[in-house]
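Structure, as C-alpha cells:
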Amino acid sequence: MGYGSFSTPAASRLVAPPPPFTPETFSLLESKRLELLREDADAESRHYEVNELLEREARQHSLLYRAFRGFFESRKYHKERKWFLSLPWNTIRIITISTLFFFALFVFVQQTSQGTHKVKLYFVAPGIYNTSFSHFPPQVHLLFFLQGKTPQADPTANGSATWDALDTFVHTITAPHGNEDTEQHTHTFSVSDETRDQYEALRLVVNTNTHQPIALQLQVLTLGWLGSHEVAIGILILVAVYVLIVFELVHRAIAALVGSFWALAFLSAVEQRPSFDDVVSWIDFETIVFLFGMMTLVGIFSETGFFEWSAIRAYKLSGGNIWHLVVMLVVFSGVTSSVLDNVTEVLLVVPVTLRLCKVIDVDPLPVVIAIVIFSNIGGTATGIGDPPNILIISNSHLQATELVDFNVFTYHMAPGAALAFVVTLLYFWKTYHHLFQRSYVDPVLKEIEIWKRTADKLELAATDEEKNVQTKLLEYIDVLEKHMEAKQQAKEEKQRLMHESRMAASSALMIEAEGECDGGDGGGGGGDEEGKLDIHALERKYRIRDVPLFIKSVSVIFGVVALFFIHPFVSSIHLNIPWIAILGALLLLTIIDAKELEPILAKVEMGTLFFFAGLFVLMRCLEEMGVMLFFARMTADIVSIFPEGRIRLCFAILLLMWVCALVSAFIDNIPFTTTMVPVVVELSQSGLGLPLQPLVWAVAFGVCLGGNGTLIGASANVVAAGIAEQSGTHISFAKFFAMGFPCMLISTATASVYLIITHVIFPWYSG
Numbered sequence: 015m016g017y018g019s020f021s022t023p024a025a026s027r028l029v030a031p032p033p034p035f036t037p038e039t040f041s042l043l044e045s046k047r048l049e050l051l052r053e054d055a056d057a058e059s060r061h062y063e064v065n066e067l068l069e070r071e072a073r074q075h076s077l078l079y080r081a082f083r084g085f086f087e088s089r090k091y092h093k094e095r096k097w098f099l100s101l102p103w104n105t106i107r108i109i110t111i112s113t114l115f116f117f118a119l120f121v122f123v124q125q126t127s128q129g130t131h132k133v134k135l136y137f138v139a140p141g142i143y144n145t146s147f148s149h150f151p152p153q154v155h156l157l158f159f160l161q162g163k164t165p166q167a168d169p170t171a172n173g174s175a176t177w178d179a180l181d182t183f184v185h186t187i188t189a190p191h192g193n194e195d196t197e198q199h200t201h202t203f204s205v206s207d208e209t210r211d212q213y214e215a216l217r218l219v220v221n222t223n224t225h226q227p228i229a230l231q232l233q234v235l236t237l238g239w240l241g242s243h244e245v246a247i248g249i250l251i252l253v254a255v256y257v258l259i260v261f262e263l264v265h266r267a268i269a270a271l272v273g274s275f276w277a278l279a280f281l282s283a284v285e286q287r288p289s290f291d292d293v294v295s296w297i298d299f300e301t302i303v304f305l306f307g308m309m310t311l312v313g314i315f316s317e318t319g320f321f322e323w324s325a326i327r328a329y330k331l332s333g334g335n336i337w338h339l340v341v342m343l344v345v346f347s348g349v350t351s352s353v354l355d356n357v358t359e360v361l362l363v364v365p366v367t368l369r370l371c372k373v374i375d376v377d378p379l380p381v382v383i384a385i386v387i388f389s390n391i392g393g394t395a396t397g398i399g400d401p402p403n404i405l406i407i408s409n410s411h412l413q414a415t416e417l418v419d420f421n422v423f424t425y426h427m428a429p430g431a432a433l434a435f436v437v438t439l440l441y442f443w444k445t446y447h448h449l450f451q452r453s454y455v456d457p458v459l460k461e462i463e464i465w466k467r468t469a470d471k472l473e474l475a476a477t478d479e480e481k482n483v484q485t486k487l488l489e490y491i492d493v494l495e496k497h498m499e500a501k502q503q504a505k506e507e508k509q510r511l512m513h514e515s516r517m518a519a520s521s522a523l524m525i526e527a528e529g530e531c532d533g534g535d536g537g538g539g540g541g542d543e544e545g546k547l548d549i550h551a552l553e554r555k556y557r558i559r560d561v562p563l564f565i566k567s568v569s570v571i572f573g574v575v576a577l578f579f580i581h582p583f584v585s586s587i588h589l590n591i592p593w594i595a596i597l598g599a600l601l602l603l604t605i606i607d608a609k610e611l612e613p614i615l616a617k618v619e620m621g622t623l624f625f626f627a628g629l630f631v632l633m634r635c636l637e638e639m640g641v642m643l644f645f646a647r648m649t650a651d652i653v654s655i656f657p658e659g660r661i662r663l664c665f666a667i668l669l670l671m672w673v674c675a676l677v678s679a680f681i682d683n684i685p686f687t688t689t690m691v692p693v694v695v696e697l698s699q700s701g702l703g704l705p706l707q708p709l710v711w712a713v714a715f716g717v718c719l720g721g722n723g724t725l726i727g728a729s730a731n732v733v734a735a736g737i738a739e740q741s742g743t744h745i746s747f748a749k750f751f752a753m754g755f756p757c758m759l760i761s762t763a764t765a766s767v768y769l770i771i772t773h774v775i776f777p778w779y780s781g
C-alpha cells in the first residue's frame, strides 16, 4: 500500500488537507511525537489523574449532591436547579445558626418558673469511716424514697398524714474503705401529672442498712414540663452539633462551643442555670494543659529539621515501597500507643508523617487516618494506652473488687488488641492499598497551595501592613493560577495536534507503529523508574538545621516521655501527665532562650483546644440530662432478659461491647466510660450470674475501638486533624468516617470473637 494523500472522516476535520506522507516524513513525525510523549506523557497522565481523583472524591463526599442526585442531574428540573443553586446559602447558614444561638441566649438569661412533673436528686456520698468497733456491712445501701402526702378531707382534724411511696432509688457504696468519694450522683424520680395532682406535698426519705453515721450532701429540684423529655432533647442537641460538623457548616470548634451553649440553655430552662464556676469546673483542664504543653514541645522541635530528616530515613528504610512505609508507620504507632497514651503518640508521629508525605509526593490524608486508627487499636492493649483504660483501672468500684488492676487488664486485653490490629491491617491493605501511591503534582500547584494557606492566615488582618501583604499575596496567587491555566491549555493543544497527526497517517503503518509503541512502553516500566526519588539528593537537602536546638529538644522530650511511662509505677513522682507536659514545655522555652512567643504559639492548634473545651461542657450537659444513664440502663435491662448461663454471658458481652462501640463513636468515650463502669459492677453483683471481668473487657474494647468510628469519637482523632490542618491537609468528617467506621466494625467484630472464645467457650476469668 502506498503512502499518498487520502480522505477520511478524521482528516476532513483538519483546517487544511494534509500533505502527502512518505515513509521518511512519517518516521520523522513519529520520532518527534514519541519524544514529546517521553517528556510530557507521564506528567500529563499523572496530573490528569490527580485532578480526576480530586473531582471524584469531591462528588462522592458531597452529601448534599448524593442526597439530591436526581434533582442535580435531571434536565426536568433545570429551572428549579438554577434557582436552588442561586440562593445565598452562606447567608442562610449564618442567619439560621445565629437565630438558634440568640434563642438559646434568651432562654439562658430568663428566670423560668419550675413545674412539678419530675423530681431530680443530686447527692454526694463521701467515703465512710468506721470510727467505732461495731459491725460494718460489706456494702452500705442508701435507700431514697419519694413519697406523696394524701390530702385530708378535714384539715382541722387531728391525726398523722398519710404518705404514699411514689418511687424508690438505691445507691450502693461498695466495700467502704475510707477513701473520700466526692463524685456527684444524679437520679431522676418520674412522677406523672395525674399522680402529682393527687398529692398536696412531696418528701424525700433516706434510709440505710448501717448504724454508722453517713454524711450526705443533697439537692432536690422539681423540673418543668420539658424535664420529661430531657433525654430526647439532649440527643436532639447532639444530632444538631453533628449536622454542623458533618456538613462543615462551621468549624468543629465553633460547633462544639455553640452546641454546649444550647445544652446550657436547656438546663437553665428545665432545672436551674449552672453557675459560671460550675461550667468552668466541667472543662477537663488537665487534658487542655497536656495538649498545650505537648503542642508547644512539638512546635519547637519541628524547627530543627528532624521531621524532614527522619521522613527521608523512613522512606529509605522501606526501600521506596509506599505500602511497606505505611505498615512501618502504623506498627510503630500501635506499639508506641500501648506504652504511651495515643494522644501523645499522635502528637509525635503525625508531624513526621506529614513531612514525609510532602517530600515523597504522597497524599497525606489516608496515611494520617491510618496512623490514628491503628494508634487507637494499639492503645486498647494496656491500662495506660487510652484515657478510658486509665479510668477503668483507677475506678474505685473496680479497685474494691480486687479483680481488675493494670497487670490483669493488660494480660486479658493485649491478645485481643493484637488480633484486632492484625485483622484490621489485612482489611486495610485489601481495601485501601491503591490510595498509597506517589502522584505527580506540579510544583506551581504546590506553591499556590502554600501561598493560599498564608493568605488565609491573614484573613482577619488588623493592620494596614497586614492587609497590604494579603492583597499582594492574592494578586500573586492569581498570576500563578493564570500561568497554570495557560500551561494546561498549551498541553491540551499539544495533545490535540499529536492526536490529529496520528489519525492522518496510513492505517497499516499506524497499526505497526502503535504496536511498537505499546511494546516499548510495556517493557520499560518507565513511569515507576523515572518517578523514583533521588534519595541522595534528598538526604543532602533535608538535614538537621539547628543541632544545638535539636539536642535540647530531644533531651527534654525524651525526659517528658520517660516520665509519662514510669510515673504510674513510681510512687515518689508526685506529678501527673499535665504537670509533666507543661513543665517540660516551660523548661524547653527557658533553655532555648526564646525571645518571642508569637512564632511558638502559632504552632499550637488553638482550634483543637477550644473544641475540647466545648465538647467537655456539652458532654457534661448531656450527662446532666440523663443521656449517658439512659444508654447504660437500657443495656442493663436488655441483658437481664436472656436466660442465665453462658447464653446470658455471651449476649451481655456482645451487647455491652457493641453499644459502647456505637455510642463512643458519636459521644466522647470518657464520660460514657465513667457512666458504664458502675453499671457493669452492678450487673455482676445483681444475682444474674455474670462474672465481672468479661464485662469490663467488653466495655474497654467497645469504648476504645469505637473511637475509630468518627472524627470526634476519640481525642487522638481530633488532635491529628488539627495538626494536619496546620500543614494544609483538611480531614473532613466524611473522609474520616469513610475509612474509620468500617475499620471500627472490623476491629470490634474481631474483639467480640476473641472474648466469646476466651470467656464464654473457654472461661478465662477469676471471680
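Residue numbering for the sequence shown follows our numbering, starting at 15 and increasing by one per position.
From the three backbone atoms N, C-alpha and C, an ideal C-beta is built for every residue, glycine too.
Fewer than three pairs of CB atoms, one per stretch, sit closer than 8 Å, so the segment 638-651 makes no contact with the segment 325-337. The Cβ neighbour count for Met620, taken over all protein chains shown within 10 Å, is under 16; the residue is labelled exposed.
Between Ala179 and Phe158, the C-beta spacing is not below 8 Å. Remark: fewer than three beta-carbon pairs, one from each stretch, lie closer than 8 Å, so the segment 356-366 and the segment 664-677 are not flagged as touching. Straight through space, the alpha carbons of Ser274 and Ala325 are spaced by roughly 40 Å.
Judged by DSSP in its simplified three-state form, Gln286 adopts coil rather than helix or strand. The three-state secondary structure of Ala215, taken from DSSP, is strand.
Sixteen is the threshold: since fewer than 16 other Cβ atoms of the shown chains lie within 10 Å of the Cβ of Glu499, the residue is exposed. Boundaries of the alpha helix (DSSP H) around Ile302: 299-315.
With fewer than 16 neighbouring CB atoms inside 10 Å of its own CB, Tyr425 falls in the exposed class. The straight-line gap separating the alpha-carbon atoms of Val570 and Glu262 is approximately 38 Å. Residue ranges of uninterrupted alpha helix (DSSP H) with 4 or more members, entirely inside the segment 627-662 and ordered along the chain, are 641-653. Counting C-beta pairs with one atom in each stretch, the segment 274-284 and the segment 632-646 have three or more that are closer than 8 Å, which means they touch. Taking the Cα of Thr438 as reference, the smallest distance to any Cα among Asp682, Met753, Ile771 is reached at Met753. In the structure shown, the three-state DSSP call for Leu702 is coil. In this structure, Pro402 places its C-beta atom within 8 Å of the C-beta atom of Ile684.
The C-beta of Phe388 has 16 or more other C-beta atoms within 10 Å across all chains shown, which makes the residue buried.
Per DSSP, the unbroken alpha helix (DSSP H) holding Arg369 starts and ends at 356-374.
Within the same chain, Cβ atoms closer than 7 Å to the Cβ of Leu643 are found at Thr689, the five residues on either side in sequence being excluded. Proximity of the segment 733-744 to the segment 348-362 meets the contact definition, three or more beta-carbon pairs being nearer than 8 Å.
In this chain, the alpha helix (DSSP H) harbouring Glu739 covers 729-740.
The beta-carbon separation of Thr176 and Thr186, rounded to 30 Å, does not stay under the 8 Å limit for a contact. Counting C-beta pairs with one atom in each stretch, the segment 763-773 and the segment 698-716 have three or more that are closer than 8 Å, which means they touch. A buried status is given to Ser347, since no fewer than 16 other beta-carbon atoms sit within 10 Å of its beta-carbon.
A straight line joining the alpha-carbon of Gly640 with that of His243 spans about 10 Å.
Closest in alpha carbon position to Ala599, among Val618, Ser586, His581, is Val618. Of the other Cβ atoms in all chains shown, fewer than 16 fall within 10 Å of the Cβ of Glu506; this residue is therefore exposed.
Taking the Cα positions, Ile383 is about 10 Å away from Val344. According to the DSSP assignment, Tyr768 belongs to the alpha helix (DSSP H) that extends over 747-770. Ranked by Cα distance from Gly628, the options Phe304, Trp296, Ile605 are led by Trp296.
In this structure, DSSP gives Val584 a state outside helix and strand, which the three-state scheme calls coil. Under the three-state reduction of DSSP, Gln161 is assigned to strand. Between Ala267 and Phe751, the CB-CB gap reaches or exceeds 8 Å.
In this chain, the alpha helix (DSSP H) harbouring Arg327 covers 320-331.
In the structure shown, His185 adopts extended strand secondary structure according to DSSP, grouped into three states.
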